[in-house]
Amino acid sequence: MDLFAELAREPSVVPIDDGAVLLAAHLQHRDRALLDAALAVLSSAPARHMPTRSGGRISVAMSNCGTVGWVSDRQGYRYDAIDPDSGRPWPAMPDCFLSLAREAAQIAGYPSFEPDVCLINRYEPGNRLGLHQDLDEGELESPIVSVSLGLGALFLWGGKLRRDTARRIPLAHGDVMVWGGSTRLNFHGVHSIAAGHHALTGACRYNLTFRHCGTRAA
Ligand SMILES: O=C(O)CCC(=O)C(=O)O
Ligand SMILES: [Mn+2]
147 MDLFAELARE PSVVPIDDGA VLLAAHLQHR DRALLDAALA VLSSAPARHM
197 PTRSGGRISV AMSNCGTVGW VSDRQGYRYD AIDPDSGRPW PAMPDCFLSL
247 AREAAQIAGY PSFEPDVCLI NRYEPGNRLG LHQDLDEGEL ESPIVSVSLG
297 LGALFLWGGK LRRDTARRIP LAHGDVMVWG GSTRLNFHGV HSIAAGHHAL
347 TGACRYNLTF RHCGTRAA
């Protein structure tokens, strides 16, 4: 799909589940500024394949901005105010990230969302994210706001239990998924990314996942 075809997509709000909506084609002309801001963050805190407790590496390359960042290592998952690769605080959250996340949450019915962390995921073809719950945050009242840039993806939207059948929801450049309330802890994931080229991002997909972590950082 070329850039002009994508810009021609009409924004729409698609109900997905109780508390979960897809803001399709929501970014419109803001995509380049968001991508530039993400790349600026990554130039000071490069995306990396974080180690896992079991000794492997996460398939998706990740980094963060905000007052804390989500990290994985041999000790497990947690939020930390310091980037373990640099020993420095994570880069500040860019203003255009904050305003977009607040706006998307508001449209989805979460008017007081104040993200303090944005996890930046960089997917290359073949990268995937297995079914998981976002449950490392200090409070679970706030929603998750998840922005897609670049190559398309099949988002797996599961249920309360890992074994629940997951729907496959196609996500395109400019789409924003928001979930919270009674589905805040639903299992979700991303199917292996297909090869392709995107006019703005080349052969990759970026995902910005905004969360409110609160006081649980180490
Ligand atoms: O890449 C996505 O669309 C989802 C990312 C996600 O679920 C996460 O980072 O926890
Ligand atoms: Mn997640």
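Using this note's numbering, you'd call the opening residue of the sequence shown number 147 and step up by one each time. Note that the Cβ used here is the ideal one computed from N, Cα and C, for glycine as well.
Beta carbon of residue i nearer than 8 Å to that of residue j
i: D280; j: I266; result: no
i: T311; j: D163; result: no
i: T347; j: G296; result: yes
i: V263; j: V214; result: yes
i: A193; j: A207; result: yes
i: G335; j: G276; result: yes
i: D182; j: P197; result: no
i: A299; j: R224; result: no
Sequence-distant residues of the same chain with beta carbon closer than 8 Å to residue i, five excluded per side
i: E260; result: R248, S288 and H358
Inter-residue Cα distance where the pair is residue i and residue j
i: L188; j: P271; result: 19 Å
i: A349; j: V160; result: 27 Å
i: A184; j: A254; result: 23 Å
i: Y269; j: D226; result: 22 Å
i: R203; j: H195; result: 6 Å
i: L173; j: A251; result: 13 Å
i: S245; j: L180; result: 11 Å
i: F301; j: V324; result: 12 Å
i: V322; j: V293; result: 4 Å
i: R274; j: R199; result: 18 Å
i: N353; j: P257; result: 22 Å
i: S232; j: R178; result: 27 Å
i: W216; j: A341; result: 27 Å
i: S205; j: S338; result: 10 Å
i: L317; j: P157; result: 13 Å
i: W303; j: I228; result: 31 Å
i: G320; j: L307; result: 29 Å
i: I315; j: H175; result: 23 Å
i: Q209; j: Q221; result: Gln is not the amino acid found at residue 209; the sequence shown has Ser there. One C-alpha to the other measures close to 18 Å.
i: E283; j: A154; result: 36 Å
i: G327; j: G165; result: 5 Å
i: A171; j: P230; result: 35 Å
Ligand 2 heavy atom lying under 7 Å from the CB of residue i
i: H334; result: yes
i: D280; result: yes
DSSP beta-bridge partners of residue i
i: T366; result: In the structure as shown, the chain starts at 147 and stops at 364, and residue 366 therefore has no counterpart that could be examined.
i: Y256; result: DSSP lists no partner for Y256.
i: N332; result: Looking at the DSSP assignment, N332 forms no beta bridge with any residue, so it has no partner.
Cutoff 7 Å; reference residue i; Cβ partners in own chain excluding five residues on either side
i: G305; result: N332 and F333
Distance cut-off 7 Å: residue i Cβ against heavy atoms of ligand 1
i: N438; result: Because the chain is modelled from 147 through 364, residue 438 falls outside the range shown and cannot be assessed.
i: S292; result: yes
i: A299; result: yes
i: N273; result: no
i: N267; result: yes
i: L317; result: yes
Proximal residues to residue i (C-beta, below 6 Å), its chain only, five neighbours per side dropped
i: H344; result: G296 and L297
i: E285; result: G360
i: C211; result: V187, W236, P237, M239 and C264
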